[in-house]
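S.K.:
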Amino acid sequence: MTSRNSNPETDQQHTTETSFTNNHLNEAICVDGDRGNLVENSEAQRSPGSRVVFINKPQTDKFVTNRITTAKYNKYNFIASFLFEQFRRYSNCFFLLIACLQQIPDVSPTGRFTTLVPLIFILCVSALKEIIEDYKRHKADDETNNRLVEVLIDGKWVKVQWQNVEVGNIIKVNNNCFFPADLLVISTSEPQGMCYIETMNLDGETNLKIRQALPITSTYLNSQMLSQLSATIECEKPNKMIYEFVGNITIEGERTLPLGPEKILLRGAMLRNTSWIFGAVIYTGAQTKLMVNSSRVPLKRSTVDKITNTQVVMLFFLLIFLCVISSLYNELWTRQNNSAYWYLGIKDLGKNFAFNLLTFLILYNNLIPISLQVTLEIVRFVQAVFINMDLDMYHLESDTPAMARTSNLNEELGMVKYIFSDKTGTLTQNIMEFKKCSVAGVIYDAVGKNENPKSHPLIKTITEMPNHQPDEKAEKSINQQSTARDFLTLMSICHTVIPEKTPSGEVLYHASSPDESALLQGARNYGFAFDTRLPNSVEIIAMGKRETYEILQVIEFTSARKRMSVITKTPSGKIILFCKGADSVIYDRLAQSGQQYTKETLKHLEAFANEGLRTLCFAMAELSNEEYENWNKIYYEASIAVQNRELKLEEAGELIEKKLILLGATAVEDRLQDKVPETIAAIIKAGINLWVLTGDKQETAINIGYSSKLLQQGQPLIIINETSLEMVRECILHNLNTLDTAGQFALIIDGLSLKYALLPELRGDFLKMCLACRSVICCRVSPMQKAEVVGLITSNTKGVTLAIGDGANDVAMIQKAHVGIGISGQEGLQAACASDYSIAQFRFLIKLLFVHGSWNYNRMIKIILYSFYKNICLYVMELWFAIYSGWSGQILFERWSIGMYNVIFTAFPPFAIGLFDKVCSADVMLRYPKLYSHRPNFGVLTFWIWIGNALVHSIILFWLPMWMLQQDTVWPNGREGGYLVLGNFVYTYVVVVVCLKAGLHMNFWTVITHLAIWGSIAAWFMFVIAYSHVWPTLPIGAIMSGMDIMLFTAIPFWLGLIIIPMVTLLPDIAIIVIQRTLFKTLKEAVREQEIKNKDPKNLLQEGKQSAWIRLLTRRRWGSYTVGRHSCLQY
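The sequence shown begins at 27 in my numbering and counts up by one.
Have a look at this one:
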């Protein structure tokens, strides 16, 4: 592009790096703070929806600063937000209550700090994990906020951090730099105040867009002139509509001029092909359209956590019930025995009841495991490390590993039912390649890399002169020659592509869609190179000769028209209409004389489609001057219409796009990312519904659907691209009736129709239609619409949702979904920074879900169930012992033993389960996606089955030792055993049974697993030996002195050690054997084949399953199904 003669670089500048603070700098406001609440009353008093910005004058209103953050916390709200998040877990609230009650004198039978210290430790571990994870987000935010931009201050250019840019500032942005805020373009380096921007981070589109300054401001080309600019901008208040802007500007001494979206440069967009622009800041920080489209950073909790939270509440009520019963029995026992046990000094029975209620509450509080949260936090953190270290998800080309930015959702990855994917940069590489074309009924391949274009058959058709004899063959050759030249001319000028010339002389094409760029590359390889675009003309180099074509009118492509036309005046003075579009619309507009190659071309189109190539038909018509002038008046009237402008332009196009002559067709290959079709096929086989949400055009989205195998050839499509509420309502209701009786439909809906479909009166019917379709594609959608679609499913179904994208326009939906995946791609790191997990390629999603997700889900539910089991198994003993202790609240076990139970003796089996257990290997999980949907159920029934199992075990483990020791005897050391001997008998058997119980539910044994189980049992025995000899060397444990001798020299102890665990676990072993023999799950059947080194393919192969396996695959394995939404057939 040619820069103007006036170069701002020669202006008197004082370019210094400074933090630029002043008295008017506002407090930094987070994205998740209140947006727009800092505007003073003066703005609120104006007409609704407007704000006033002054240029080179003080602002009368107070605006938010330009600092943004995607982090959850800051230094001011961390403590409050963190504690709020932690105490959303009812278990933490309960333990805080217990810790407070323990401070009341003479109430706690277990000491004052046995709950407080573990609770503080748990909160500290959780806080450390949150700080580490949020620190990464803050670093990414700081990198953005600390970028530098030049701001005009006192007539000089000063380098200022982005976060310190203010509304009303005049700033300078250079080529290939992002805009730090929403700007009004004042002037540029290009003629007529034009500039080119790339909006990939806003709408996912890679094409360049044109923005143009007002003629009256485009002459302000240096700092001196800009300092003298005095203007007032009145515009709409911040909103999320990235394609709309309404405002006006009043320059001192001039009339008021209107402003539209073509005058605005949005934050997140990049300046391209333009040396520099000057702009006035209109919106900053959280009020920019990019950030308004970003949802508040959510504090997400997994479904497993929510279910656990509910069951903790139920267990709490059970605990209260036990406390009341125990207190009542204590009251009854006291009334019956008060005279006999006068020395207890119990007089006020009412106070005694309240006292005992608190005592039993403290005594039974460990029924809810305080260690569960810290166990889960540590396990999740290490699981996240495993994800980060997985080399199978490392992208060598970009040196990008997978990254778990949060670990709270590891198990959620194993429960996904809906995936919402961006298209551009997520499914595709934005790379298309011209493959072949059909010209005048003949197929020509693209020019090879090392092929001389002049020797290509298509070029020979143009250059080689036909036989001069006037026979039929020569006439046909002349027609083919003329058609081929017109075809390549159309290919090189019928587009809206903007060329960029590099310093080396190479021309780069910036197109509205990747296939336009591919077509131009193909034309250039044939010898017809698009070279220059001027405001009213284009230049091409055709066969080495530069030709200029005046562009009279461009009738742009729309989803409804399915075609694009350019009316041009050729170098010879002819007026030609070049048209390209879908075969259906082109064929309908052919003249009778223009159908010479229709049959051959149609056959070629079918062949191209069968190869999965994207196709377009090319046609032309020659217009007379009078015909064009008459039509142009109609088109101009339509272009300035205020109402129904798009419809009138479409009707005007219909008047001229007729009587066309068919030239041929093109075939372009759409480049997907590596293994995208295979990944999508695996996702569908896993029973996951995949939706594509994109800002691209409808046709582009549909073509990607076919090439990625999301859409199947011959699959019926429901396309909704209506323009009114009533039309959308009619379309939805009509198709709902069709879906009730029909099969595998796919739904395609555009952004305008989606706007109406998401209204409250249509939302329910739209949801039903979406859930009944096999796949859904939403095109031309805004970032907030993406989030609304995700929210529709998240809020109205029980399925876990996952959103994946790579651009800033995907942040809102990533944050809205249960799980957000960011791709660290060519569109920057905005999506990755706002995500829960980031990967480099879409194909890595399979390993993340099918392996890490499945493994972690199974591991986490086992940890949770096992943690409740082991605590109830031990601590409910206090209830059984209360029967023998007059309901006094006396503890059965030594205090330090109680404290060490969760810290040492049963702490390691949960870690072994959470980090190393797996049913099937990673290879099998990846080869057979069906296994993903066959997950164990985690719900109310499963939870209380484990609780019941723990109660049964506790009964056996208490009453059998009680029966063995019912006759007191004198031990070899001359002492009677007493209650503590009974307690240590029981404690030993509980530790053994609980550790072995973990082993029964382990599917994969490692050295660490053995150490965790057998080492935990050994640790208890070593503790007894050591702790029995501590006193009097240390002033603790006097009551345990000599306990090792009393235990280990007692024959009943060793008999019980063999018999009691066996009796306790025998029913469990029997149930496991019966279940895995007669009612085994599909995963267990596959695991058996894997252990035998047999290929489980026969178990999973469709159409060849045994009746038993078919029965297994029809079982409901999860508790998260909704009505009609499970439409995938596999």
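Just so you know, even glycine gets a beta-carbon here, dropped at the ideal spot from N, CA and C.
1. In this structure, does DSSP put V57 in helix, strand or coil?
2. Which whole-angstrom value is the C-beta distance of A834 and N227, which I expect to be below 8 Å?
3. May I ask which residues mark the beginning and end of the beta strand (DSSP E) holding F554?
4. Would you kindly work out how many angstroms separate the C-alpha atoms of P962 and V307, rounded to a whole number?
5. Apply the 10 Å Cβ neighbour rule to H521 and answer buried if 16 or more other Cβ atoms are within range, or exposed otherwise.
6. Terminal residues of the continuous beta strand (DSSP E) containing P284?
7. Name the residue from P1093, F347, T515, S543 whose alpha carbon lies nearest to the alpha carbon of V523.
8. Let's see if you can read the secondary structure: which residues bound the alpha helix (DSSP H) around I158?
9. Would you report the Cα separation of I388 and S134, rounded to the nearest angstrom?
10. If you follow the alpha helix (DSSP H) that C349 is in, where does it begin and where does it stop?
11. What three-state label does DSSP hand L1057 in the structure shown?
12. Which one of G1068, F604, Q741 has the shortest CA to CA distance from L688?
13. Would you mind sorting S808 into buried or exposed? The rule is 16 or more other CB atoms within 10 Å of its CB.
14. Among L991, L1092, I1062, whose alpha-carbon lies nearest the alpha-carbon of P1078?
15. Can you tell me whether DSSP reads S73 as helix, strand or coil?
16. Compute the distance between the beta-carbons of V978 and T1014, then report whether it is under 9 Å.
17. Considering only residues of the segment 831 to 900, which uninterrupted beta strand (DSSP E) runs meet the minimum length of 3 residues and lie entirely inside it, listed in chain order?
18. From Y552 to V950, what distance separates their C-alpha atoms?
19. Helix, strand or coil for H1027, going by three-state DSSP, please let me know.
20. Please report the straight-line C-alpha distance between E526 and V211, rounded to a whole angstrom.
21. Indicate the three-state DSSP secondary structure (helix, strand or coil) for E683 in the structure shown.
22. Check the C-beta distance from L784 over to L818 and give it rounded, since I have them as a contact under 8 Å.
23. Return the bridge partner residues of L616 from the DSSP annotation.
24. Using C-beta distances below 8 Å, list every residue in its chain close to A691, excluding the 5 sequence neighbours before and after it, in chain order.
25. Can C643 be considered in contact with the ligand MG, in the sense that its beta carbon sits closer than 8 Å to one or more heavy atoms?
26. Leaving aside the five residues before and after V1016 along the sequence, list all residues of the same chain whose C-beta is less than 7 Å from its C-beta, in chain order.
27. For R115, collect the residues of the same chain with a Cβ closer than 8 Å to its Cβ; drop the 5 residues on either side in sequence, then sort them by chain order.
28. Which of the three DSSP states, helix, strand or coil, is assigned to Y535?
29. Exposed or buried, which one is S68 when buried takes at least 16 other CB atoms within 10 Å?
30. Using the Cβ count rule (16 or more neighbours within 10 Å means buried), how would you classify Q1101?
31. From L195 to N82, what does the alpha carbon distance come to, in whole angstroms?
32. On the CB-based measure, 16 or more other CB atoms within 10 Å of its CB, does E637 come out buried or exposed?
33. First and last residue of the alpha helix (DSSP H) that includes D1195?
34. C805 to F876, Cα distance in whole Å?
35. Is the Cβ-Cβ distance between L393 and L348 less than 9 Å?
36. Relative to the C-alpha of L283, which candidate in T243, M251, G311, P264 has its C-alpha closest?
M.R.: In this structure, then:
1. Sequence index remark: in the sequence shown, residue 57 carries index 31 (1-based). Confidence at V57 is low in this model, with a pLDDT of 32, below 50, so its placement is unreliable and the value that follows should be read with caution. It is coil, neither helix nor strand.
2. Within the sequence shown, numbered from 1, the residue matching residue 834 stands at position 808. Within the sequence shown, numbered from 1, the residue matching residue 227 stands at position 201. Their Cβ separation, rounded to whole angstroms, is 4 Å, which keeps A834 and N227 in contact under 8 Å.
3. By one-based count along the sequence shown, residue 554 stands at place 528. Counting along the chain, the beta strand (DSSP E) containing F554 begins and ends at 554 to 560.
4. Locating residue 962 in the sequence shown gives position 936, counting from the first residue. Locating residue 307 in the sequence shown gives position 281, counting from the first residue. Their backbone Cα atoms lie some 55 Å apart in a straight line.
5. Along the sequence shown, one-based indexing puts residue 521 at 495. With 16 or more other Cβ atoms within 10 Å, it is buried.
6. If you number the sequence shown from 1, residue 284 lands on position 258. Counting along the chain, the beta strand (DSSP E) containing P284 begins and ends at 282 to 285.
7. If you number the sequence shown from 1, residue 523 lands on position 497. Looking at the Cα atoms, S543 is the closest of the given residues.
8. Locating residue 158 in the sequence shown gives position 132, counting from the first residue. It spans 142 to 171 - the alpha helix (DSSP H) in which I158 sits, taken as one unbroken run.
9. Walking along the sequence shown from the start, residue 388 turns up at place 362. Walking along the sequence shown from the start, residue 134 turns up at place 108. About 6 Å.
10. Numbered from 1 along the sequence shown, position 323 holds the residue referred to as residue 349. Here the alpha helix (DSSP H) through C349 covers 329 to 363.
11. Here residue 1057 refers to the residue found at position 1031 of the sequence shown. For the sequence presented, residue 1057 should be read as Trp rather than Leu. Correct three-state label for W1057: coil.
12. The residue you call residue 688 lines up with position 662 of the sequence shown. Checked all of G1068, F604, Q741; the closest Cα to L688 is F604.
13. As a working note, residue 808 is residue 782 in the sequence shown. With 16 or more other Cβ atoms within 10 Å, it is buried.
14. By one-based count along the sequence shown, residue 1078 stands at place 1052. Nearest option by C-alpha distance: L991.
15. Taking the first residue of the sequence shown as 1, we reach residue 73 at position 47. Because the pLDDT at S73 is just 45, under 50, the model does not fix this residue reliably, and the point stays unresolved.
16. Translated into the one-based positions of the sequence shown, residue 978 becomes position 952. Translated into the one-based positions of the sequence shown, residue 1014 becomes position 988. Contact flag unset, no.
17. 845 to 849, 863 to 865
18. For the purposes of this step, residue 552 is taken as the residue at position 526 of the sequence shown. For the purposes of this step, residue 950 is taken as the residue at position 924 of the sequence shown. Cα to Cα, the separation comes out at about 49 Å.
19. Locating residue 1027 in the sequence shown gives position 1001, counting from the first residue. Three-state result, H1027: coil.
20. Numbered from 1 along the sequence shown, position 500 holds the residue referred to as residue 526. Numbered from 1 along the sequence shown, position 185 holds the residue referred to as residue 211. Near 21 Å, if we compare the C-alpha coordinates of V211 and E526.
21. What you label residue 683 is simply residue 657 of the sequence shown in a count that begins at 1. Three-state DSSP puts E683 in coil, outside helix and strand.
22. By one-based count along the sequence shown, residue 784 stands at place 758. By one-based count along the sequence shown, residue 818 stands at place 792. Contact holds; Cβ gap of about 7 Å.
23. Along the sequence shown, one-based indexing puts residue 616 at 590. Answer is L686, bridged to L616.
24. As a first step, residue 691 is located in the sequence shown; it is residue number 665 there, counting from the start. Answer for A691: C463, S464, D609, T627, H630, L631, F634, T641, L642, C643, F644, listed in chain order.
25. The ligand MG is not among the ligands present in this structure, which contains no ligands whatsoever.
26. As a position in the sequence shown, residue 1016 is number 990, starting the count at 1. Within the same chain, V1016 has close Cβ partners C899, L900, L983.
27. Mapped onto the sequence shown, residue 115 falls at position 89. Correct list, in chain order: D331, N335, V338, Q399.
28. Working through the sequence shown from its first residue, we reach residue 535 at position 509. Note: Y535 maps to strand in three-state DSSP.
29. Walking along the sequence shown from the start, residue 68 turns up at place 42. With a pLDDT of 35 at S68, under the threshold of 50, the modelled position of this residue cannot be trusted; read the value that follows with caution. The residue is exposed, with fewer than 16 neighbouring Cβ atoms inside 10 Å.
30. Taking the sequence shown and counting its residues from 1, one reaches residue 1101 at position 1075. Per the 10 Å Cβ criterion, exposed.
31. Position 169 of the sequence shown, counted from the first residue, corresponds to residue 195. Position 56 of the sequence shown, counted from the first residue, corresponds to residue 82. Here the sequence assigns Asn to residue 195, which means Leu is not the residue at that position. For N195 and N82, the distance between alpha carbons rounds to 8 Å.
32. If you number the sequence shown from 1, residue 637 lands on position 611. Counting Cβ neighbours within 10 Å, E637 comes out exposed, since fewer than 16 surround it.
33. Residue coverage of the chain in this structure runs from 27 to 1156, which leaves residue 1195 outside it and unanswerable.
34. For the purposes of this step, residue 805 is taken as residue 779 along the sequence shown, with counting starting at 1. For the purposes of this step, residue 876 is taken as residue 850 along the sequence shown, with counting starting at 1. Computed Cα separation, rounded: 28 Å.
35. Indexing the sequence shown from 1 puts residue 393 at position 367. Indexing the sequence shown from 1 puts residue 348 at position 322. Cβ distance < 9 Å, so L393 and L348 count as in contact.
36. For the purposes of this step, residue 283 is identified with residue 257 of the sequence shown, where counting begins at 1. That would be T243, whose Cα lies nearest to the Cα of L283.
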